[in-house]
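Enquirer: Protein chains in written order, with our numbering: chain L, 1 to 269; chain H, 1001 to 1269. All C-beta atoms in this analysis are idealised placements derived from N, C-alpha and C, irrespective of residue type, glycine included.
#1: Quick one: list the residues of chain H neighbouring residue 151 of chain L, beta-carbon separation under 9 Å, in chain order.
#2: According to the Cβ coordinates, are residue 1252 of chain H and residue 1239 of chain H closer than 8 Å?
#3: Tell me whether residue 1213 of chain H is buried or exposed, calling it buried when 16 or more other Cβ atoms sit within 10 Å of its Cβ.
#4: For a quick check, are the C-beta atoms of residue 155 of chain L and residue 133 of chain L less than 8 Å apart?
#5: With C-beta atoms as the reference, is residue 68 of chain L less than 8 Å away from residue 23 of chain L?
#6: Over what stretch of residues does the alpha helix (DSSP H) that includes residue 102 of chain L continue unbroken?
#7: Using a cut-off of 9 Å between C-beta atoms, extract the partners of residue 165 of chain L located in chain H.
#8: Consider the Cβ of residue 54 of chain L: report whether some Cβ of chain H lies at a distance smaller than 8 Å.
#9: Ignore the nearest five residues each way along the sequence and tell me which others in residue 223 of chain L's own chain have a CB closer than 6 Å to its CB.
#10: List the residues of chain L whose Cβ lies closer than 7 Å to the Cβ of residue 1141 of chain H, in chain order.
#11: Which whole-angstrom value is the C-beta distance of residue 82 of chain L and residue 233 of chain L, which I expect to be below 8 Å?
#12: Tell me, please, which residues DSSP counts as bridged to residue 1111 of chain H.
#13: To the nearest angstrom, how far is the alpha carbon of residue 1116 of chain H from that of residue 84 of chain L?
#14: Cβ closer than 8 Å: which chain B residues qualify as neighbours of residue 1001 of chain H?
#15: Which residues, taken in chain order from the stretch 4-15 of chain L, show a beta carbon closer than 8 Å to some beta carbon of chain H?
#16: Compute the Euclidean distance between the alpha carbons of residue 1108 of chain H and residue 173 of chain L, then round it to the nearest angstrom.
#17: Could you compute how far the alpha carbon of residue 1102 of chain H sits from the alpha carbon of residue 1058 of chain H?
#18: State the Cα-Cα distance for the pair residue 1272 of chain H and residue 95 of chain L, rounded to the nearest angstrom.
#19: Check whether the Cβ atoms of residue 119 of chain L and residue 168 of chain L lie closer than 8 Å to each other.
#20: Just verifying my parser: in three-state terms, what is the DSSP assignment at residue 268 of chain L?
#21: Taking Cβ to Cβ, would you say residue 12 of chain L is nearer than 8 Å to residue 1113 of chain H?
#22: Please report the distance separating the alpha-carbon of residue 1090 of chain H from that of residue 1250 of chain H.
#23: Counting only beta-carbon atoms, is residue 175 of chain L nearer than 8 Å to chain H?
#24: Do the CB positions of residue 1158 of chain H and residue 1185 of chain H come within less than 8 Å of each other?
#25: Report back the beta-carbon spacing between residue 66 of chain L and residue 38 of chain L to the nearest angstrom; my notes put them in contact at under 8 Å.
#26: For residue 1056 of chain H, write down the residues that DSSP places opposite it in a beta bridge.
#27: Is there a Cβ from chain H that is less than 8 Å from the Cβ of residue 17 of chain L?
#28: Out of curiosity, what's the CA-to-CA distance linking residue 180 of chain L and residue 1149 of chain H?
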């Protein structure tokens, strides 16, 4: 295989599995090439992804070491994605009444969600999280994509304990959005005590469900090292969690005028 | 930017968004290069991804045309992924009793799930589907990744109608696994009547929930053009859906001996 094809192939393989370490020998065997050639190819691959601000390929020395791709995104592309999210959300026909917006099509648009996930992956790349945690349902695609970018297992907290989850721990919490007590439940074998979790979710209003998530994780002595939400409502001003990073803020919904005001969070970058 | 870096960058961009059409002008502007150079680069990019059997870059002529990446996977890699899935599933400690297995860690392992998704994307690339549909919860990551590979919207059918889904249609169906009537619900605005859907789910036993999914979609005159499941149980022999493609078959669970017999489905390729 020619050098420029090797470089392209290395880019494809590393970027398909972000943060997964590949031993150089893997590529030596695949391309029947010497380690010195592969090292040069990896340098070119890194130069390429860095030149388009899509990430970095770094070398991890030692036993179990190798090379891995760390995703990145430029400020310009981040803003374009934020603009696209805001523009999609501003459509007045999304208003459902009671302060609710229809967002399923956005949260289930896998290309958009994968773009949003890279923004979070950049933001939380040094969080030290062992898991990405979310609560079912609408946040699962985005949380799953963030888990993919960070090469972390996903933990999905269920609304109801399911038999197929084995033994579970449940808590009740107050949801301001639904104005009632809700339940969440986590499989005991899904997590290890004493670890760290990054919470990713689609929407936050008062933060009740994120507080519930934090509480249920603390039952396992799991520390929350970051909270990323696609959209955070500006009201209520007082939130039940102290620190969170939204991609966009929902400022207000005017049901009469069918107007939605959404703005980008410039601090996400 | 040098030619070999352009080729690598084109591979990164196209393979990040499978089946999304990029106008050549996009790359001309990005690299400040002539259309003829970019055409050559795209050829080299195609040669590269084809040489490692990871896909094809094709040209779509006409207005709105451009180039796009169609994912592919080799028989050898398919079998390696199937072997890995079977080996993970064969762990006796997964047995929960009542014929249930704990599989959440597998279905929420985003790298494995993204590998499984490419197998389905290859299988169903010519299905003509307009959506990927699944029923919450455990199948969402894999369905979401298949949707990403095929560049289709994901439709998640809920167990319960949610206020945030707006107006919904619900049906009741019989679940053999849980031996009871269950409900599923779909947002009216999530789908267009007269379209086609590809169903992707994590597990199938008798097929009751997939039959329910087919029924609820038929309420919208939506034709199911394929069903892919990660794992299908061999028993019961009689299924409620006639055609489905599993990646692995669950042959039996021996609760006394703590033994699980899982085999690859050689016909998935």
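Expert: Taking the coordinates as given:
#1: As a position in the first chain, residue 151 of chain L is number 151, starting the count at 1. Those within 9 Å of residue 151 of chain L in chain H are 1110 and 1111.
#2: As a first step, residue 1252 of chain H must be located in the second chain, where it is residue number 252. As a first step, residue 1239 of chain H must be located in the second chain, where it is residue number 239. Not a contact, by the Cβ cut-off of 8 Å.
#3: Along the second chain, one-based indexing puts residue 1213 of chain H at 213. The residue in question, residue 1213 of chain H, is buried, as its Cβ has 16 or more Cβ neighbours within 10 Å.
#4: As a first step, residue 155 of chain L is located in the first chain; it is residue number 155 there, counting from the start. As a first step, residue 133 of chain L is located in the first chain; it is residue number 133 there, counting from the start. Their beta carbons are under 8 Å apart, which means residue 155 of chain L touches residue 133 of chain L by this criterion.
#5: Walking along the first chain from the start, residue 68 of chain L turns up at place 68. Walking along the first chain from the start, residue 23 of chain L turns up at place 23. Cβ atoms of residue 68 of chain L and residue 23 of chain L: not closer than 8 Å.
#6: Within the first chain, numbered from 1, the residue matching residue 102 of chain L stands at position 102. Here residue 102 of chain L belongs to no alpha helix (DSSP H), and DSSP marks it neither H nor E.
#7: Here residue 165 of chain L is taken as the residue at index 165 of the first chain, counted from 1. Near residue 165 of chain L (Cβ distances below 9 Å), the residues of chain H are 1096, 1102 and 1104.
#8: Taking the first chain and counting its residues from 1, one reaches residue 54 of chain L at position 54. Taking Cβ atoms only, chain H reaches closer than 8 Å to residue 54 of chain L, which makes this a yes.
#9: The count along the first chain starts at 1 and reaches residue 223 of chain L at position 223. Same-chain partners within the cutoff: 196.
#10: As a first step, residue 1141 of chain H must be located in the second chain, where it is residue number 141. 140, 144 and 154, listed in chain order.
#11: Working through the first chain from its first residue, we reach residue 82 of chain L at position 82. Working through the first chain from its first residue, we reach residue 233 of chain L at position 233. Not really, about 16 Å apart at Cβ, beyond 8 Å.
#12: Within the second chain, the letter at position 111 stands for residue 1111 of chain H. According to DSSP, residue 1111 of chain H bridges with nothing at all.
#13: Counting from 1 along the second chain, the entry for residue 1116 of chain H is found at position 116. Counting from 1 along the first chain, the entry for residue 84 of chain L is found at position 84. Computed Cα separation, rounded: 30 Å.
#14: Of the protein chains in this structure, namely L and H, none is chain B.
#15: 4, 5, 7, 8, 9, 11, 12, 13 and 15
#16: Translated into the one-based positions of the second chain, residue 1108 of chain H becomes position 108. Translated into the one-based positions of the first chain, residue 173 of chain L becomes position 173. Cα to Cα, the separation comes out at about 25 Å.
#17: For the purposes of this step, residue 1102 of chain H is taken as the residue at position 102 of the second chain. For the purposes of this step, residue 1058 of chain H is taken as the residue at position 58 of the second chain. Answer to the nearest angstrom: the Cα atoms are 41 Å apart.
#18: Absent from the model: residue 1272 of chain H. The displayed extent of chain H is 1001 to 1269, so no value can be given.
#19: Here residue 119 of chain L refers to the residue found at position 119 when the first chain is read from its first residue. Here residue 168 of chain L refers to the residue found at position 168 when the first chain is read from its first residue. Against a cut-off of 8 Å, the Cβ pair of residue 168 of chain L and residue 119 of chain L comes out as no contact.
#20: Stepping through the first chain from its first residue, residue 268 of chain L is reached at position 268. Helix at residue 268 of chain L.
#21: Taking the first residue of the first chain as 1, we reach residue 12 of chain L at position 12. Taking the first residue of the second chain as 1, we reach residue 1113 of chain H at position 113. Their beta carbons are not under 8 Å apart, which means residue 12 of chain L does not touch residue 1113 of chain H by this criterion.
#22: Along the second chain, read from residue 1 onward, the residue named residue 1090 of chain H stands at position 90. Along the second chain, read from residue 1 onward, the residue named residue 1250 of chain H stands at position 250. If you take the alpha carbons of residue 1090 of chain H and residue 1250 of chain H, they lie about 9 Å apart.
#23: By one-based count along the first chain, residue 175 of chain L stands at place 175. Not an interface residue.
#24: Walking along the second chain from the start, residue 1158 of chain H turns up at place 158. Walking along the second chain from the start, residue 1185 of chain H turns up at place 185. Yes. Within cutoff.
#25: On the first chain, position 66 is the one that residue 66 of chain L refers to. On the first chain, position 38 is the one that residue 38 of chain L refers to. Wrong, their Cβ atoms sit about 11 Å apart, outside the cutoff.
#26: The residue you call residue 1056 of chain H lines up with position 56 of the second chain. For residue 1056 of chain H, which the question treats as bridged, DSSP gives the partners H:1070.
#27: The residue labelled residue 17 of chain L in the question sits at position 17 within the first chain. So yes, residue 17 of chain L belongs to the interface.
#28: As a first step, residue 180 of chain L is located in the first chain; it is residue number 180 there, counting from the start. As a first step, residue 1149 of chain H is located in the second chain; it is residue number 149 there, counting from the start. Rounded to the nearest angstrom, the two C-alpha atoms are 39 Å apart.
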